[in-house]
Amino acid sequence: MDPQATIVLGKAIGAGLAMIGAAGGGIGIGISVGGAVMAMGRNPDHTATIQTNMILGVAFAEAVAIYALVVSLIILFVLS
Amino acid sequence: MNSFWNGKRRYVALLLFLAGVFVALVVPPVIPFIQLAGENLPAGYDIPFTDIRITNTLVAAVIVWVLLLLFIVYIARRRPSDGSEVPPGGFYNMFEALYEGLMGFIGGIAGGAHFRLIFNMFMTIFLIVLLSNWMSLIPGVDTVGFIHPHVKEKFDADTGEYKVITTDGFEIYQGFLGISYVNGQCDWISPADEAAADAAALAAADAAALAAQQEQLEDAAYARYQAAHVAHGDDDHADETSDDHGEDSHGEEVVEPSTTSAAYDEVLAARVAEKQARADRGCYTGVAPAPWQDGYSGDKDAKKEPIPLHPDPSSEDAKRVPWVVLPLVRVASTDLNMTLTIAIISVVMTQYIGFKALGIGYLTKFFNFGTLFKSPLGGIDVAVGLLELIGDFAKILSFSFRLLGAMFAGAILLFVMSFLVPILPWPFFILEFFVGAIQALVFALLTAIFMNLATISHHHDDDHADEH
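Protein chains in written order, with the working numbering: chain A, 2 to 81; chain B, 661 to 1128.
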């Protein structure tokens, strides 16, 4: 097999595997937004506060997915 | 301005859309070239009087600083010194509303004795990161720049191994955590300059050879003249005239420079050695024409064959070298140097405010041996303190990679969407607008939260915020 093709294959598989970590971020965002929407439904007066905290929580959950993304970006574009 | 846009001039949007379609058809989008490390600008754009190269992300960072300074000057000039009412409307009022909102927000989180310092850090980081994130939305950023040939890593058939990636004028090294740092050891010389230098070297060699031949001819003529005089005496007029005639005929003769003479080789060898030195450093010295220049062979079938690492400039291989754009300005947040710097500043300020608030006792947060022999669970406190120490270093990585990842992925998203859907990429620009704002807020807010945590004595705080 062509060595160049082997490297491309390994990079593609590795980047794909690294992105599995994004699933955790997705689950976390779903849970936090679900909880925030339920809270907003119960007391709509506090929508602004809940929304701010929800966005913060979403950003933290998203951070984990972004770490996975950084790993896969490094595999794709930096590793040689 | 308001009356211009209030619904009756929707054809402007239609015209813009049609212009987008037209431009996309006339100038088809190119496949984006993606590089994680910030690229060095070509030689000649380095810091004056030094050899320090400028990266294109540094250009963006400087633009952010200048914008921020102008912004501060503007806000300070608009602010009434006597506490009077400011006329409603305008950018100042918008900023004041934002400022007051954020002040209340941070006051709810860190409204203690150190509120001013925490809020100043929060606002500084927020504005810098916000401005540099939003730069990716400006047309021309990441797209306008220098075009240069790009040689990717190739399998070298001669040595049977892979060579380091070389792009013209740029060498890439493996650095910390496997991230490559581009180090501009080669100067980017345009194909036209390269050809001009070749022509100049040839002309100089021709001139040198010509001069050498002229000298040789004159020496020969003089030797003949001397020989004639020795043979026939000084007063032999007939011989002298014939000798003069012979010398004249030599002078009128057009002398062609010889390409085999030693002088020619000597002058040309310098140029050859110069090119060889560049090639030895891994710098590509080809004269490949750009896609719009004559001689470019862009047929797709030809591209499938591998291109040698250092193609012969006159060969067809050189014409198949891909050309990429080196942007003049690239969003500063997509460079790890920028995000790492802000992260280190944030963590150092956290330690500073901790020592300021708690004195030397702040260290017991990390080295907590006080309860080691007093309580049965003292060992756990020691372990927790060490974990806090590790966690503070992890904060640097967490801060920097979060911002870098979000903004770099956003930049790639914009590239790819502009390539796939060149006429309608704007929904993603709106997405990036929000992502930039949220990432800036998260970065600054986490700094504020950590700084507030550092001011609270370890023995009294019982609810740790989730550290991330």
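We treat Cβ as the ideally placed atom computed from N, Cα and C, and that holds for glycine.
The three-state secondary structure of V985(B), taken from DSSP, is strand. By the 16-neighbour rule on beta-carbons within 10 angstroms, R739(B) is exposed. Looking only at A16(A), Y68(A) and A64(A), the smallest Cα-Cα distance to L77(A) is reached by A16(A).
In terms of beta-carbon proximity, V1007(B) stays away from the interface with chain A, with every pair separated by 8 Å or more. Remark: C-beta atoms of A697(B) and A992(B) do not approach each other more closely than 8 Å.
Distance check between M795(B) and each of D1052(B), V989(B) and L1106(B) places V989(B) closest, using alpha-carbon atoms only. Bridge partners of T715(B) according to DSSP: N700(B). According to the DSSP secondary-structure assignment, G805(B) is paired through a beta bridge with P987(B). Secondary structure note for Y759(B): its alpha helix (DSSP H) is the uninterrupted segment F751 to A770. The beta-carbon distance between L1105(B) and L57(A), rounded to whole angstroms, is 7 Å. This is short enough to meet the 8 Å contact definition. The DSSP-derived three-state label of Y705(B) is coil. Nearest CB-CB separation between I56(A) and chain B: below the 8 Å threshold.
In this structure, the beta-carbon distance from G36(A) to V65(A) does not fall below 8 Å. None of the residues of the segment 12 to 32 of chain A has a beta carbon lying less than 9 Å from any beta carbon of chain B. The C-beta of S1078(B) has 16 or more other C-beta atoms within 10 Å across all chains shown, which makes the residue buried. Counting other Cβ atoms within 10 Å of its Cβ, G1065(B) reaches 16 or more and is therefore classed as buried. The same chain holds no residue with a CB closer than 8 Å to that of L729(B) once the five nearest residues on each side in sequence are set aside. Relative to the Cα of A869(B), the nearest Cα in the group E854(B), A1054(B) and Y924(B) belongs to Y924(B). Rounded to the nearest whole angstrom, the CA to CA distance from A856(B) to A863(B) is 10 Å.
In the same chain as D706(B), and ignoring 5 residues on each side of it, the C-beta atoms closer than 7 Å to its own belong to I712, R713 and I714, in chain order.
DSSP places S744(B) outside both helix and strand once states are collapsed to three, so it counts as coil.
Contact annotation: A872(B) and V927(B) have beta-carbon atoms that are not nearer than 8 Å.
One thing to note: I51(A) has its Cβ within 8 Å of the Cβ of A40(A). When only Cα atoms are considered, G772(B) and S1035(B) end up about 32 Å apart. Counting only residues of its own chain and dropping the five nearest sequence neighbours on each side, E1048(B) has a CB closer than 7 Å to the CB of K1025 and F1026. Cβ atoms of F1068(B) and T994(B) come within 8 Å of each other, at about 5 Å.
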